[in-house]
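In this note's numbering, the protein residues as written are -8 to 121. Glycine included, each C-beta is placed from N, C-alpha and C at the ideal position. Encoded as structure tokens, the structure appears first; notes follow it.
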């Protein structure tokens, strides 16, 4: 995992595009990434600490502080990262759950509860913590 902490850097996006476009030489499905592309971290906790130092004191930071930071991750890791960050924020956590049902009762046969529960569209989680 890597963290990039360089607000207005032009080189980071171009290097990232080079990786995504397959322009970086590779062998055995592995690529070598320059050390200047980011800061190497060993686990998710360290990644969060590098990208969001003192996140527990977020009320003392302006909105630009948050706008200058991002963790780019696979969808499969995003929920875990979000949960860890949320646990570090001050205040109570509020849980919202989805209601997986159809509006028209005649559609119940076409869309069984199990099918609706299996759907996980982006941006619409079954459980949302705020």
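For this session: With a 10 Å radius around its C-beta and 16 neighbouring C-beta atoms as the bar for buried, classify residue -1 as buried or exposed.
Result: Residue numbering aside, residue -1 sits at position 8 when the chain shown is read from its first letter. Note that residue -1 scores 49 on pLDDT, short of 50, meaning its location in the model is unreliable and no value can be drawn from it.
Exercise. Are the segment 80 to 91 and the segment 108 to 119 touching, with three or more C-beta to C-beta distances below 8 Å?
Worked result: Three or more beta-carbon pairs separated by less than 8 Å link the segment 80 to 91 to the segment 108 to 119, which places the two stretches in contact.
Exercise. With distances taken from CA atoms, which of 12, 4, 72 is nearest residue 36?
Worked result: The residue labelled residue 36 in the question sits at position 45 within the chain shown. Of the candidates 12, 4, 72, the one whose C-alpha sits nearest the C-alpha of residue 36 is 72.
Exercise. Three or more beta-carbon pairs under 8 Å between the segment 9 to 22 and the segment 44 to 51, yes or no?
Worked result: No contact exists between the segment 9 to 22 and the segment 44 to 51.
Problem set entry | residue 118 (DSSP reduced to helix, strand or coil) | Translated into the one-based positions of the chain shown, residue 118 becomes position 127. Residue state, collapsed to three classes: strand.
For this session: Report the option in 16, 100, 87 whose CA atom is closest to the CA atom of residue 116.
Result: Along the chain shown, read from residue 1 onward, the residue named residue 116 stands at position 125. Of the listed residues, the one whose Cα sits closest to residue 116 is 87.
Exercise. Just how far apart, CA to CA, sit residue 68 and residue 85?
Worked result: Residue 68 sits at position 77 when you count from the first residue of the chain shown. Residue 85 sits at position 94 when you count from the first residue of the chain shown. Between the alpha carbons of residue 68 and residue 85 lies a distance of about 21 Å.
For this session: Look at residue 42 and residue 60 and say whether their C-beta atoms are less than 8 Å apart.
Result: Reading the chain shown from its first residue, position 51 is the one you call residue 42. Reading the chain shown from its first residue, position 69 is the one you call residue 60. Yes; because the gap between Cβ atoms is below 8 Å, this pair is in contact.
For this session: Leaving aside the five residues before and after residue 18 along the sequence, list all residues of the same chain whose C-beta is less than 8 Å from its C-beta, in chain order.
Result: Taking the chain shown and counting its residues from 1, the one referred to as residue 18 is at position 27. Cβ-Cβ distances below 8 Å link residue 18 to nothing in the same chain once the five nearest sequence neighbours on each side are left out.
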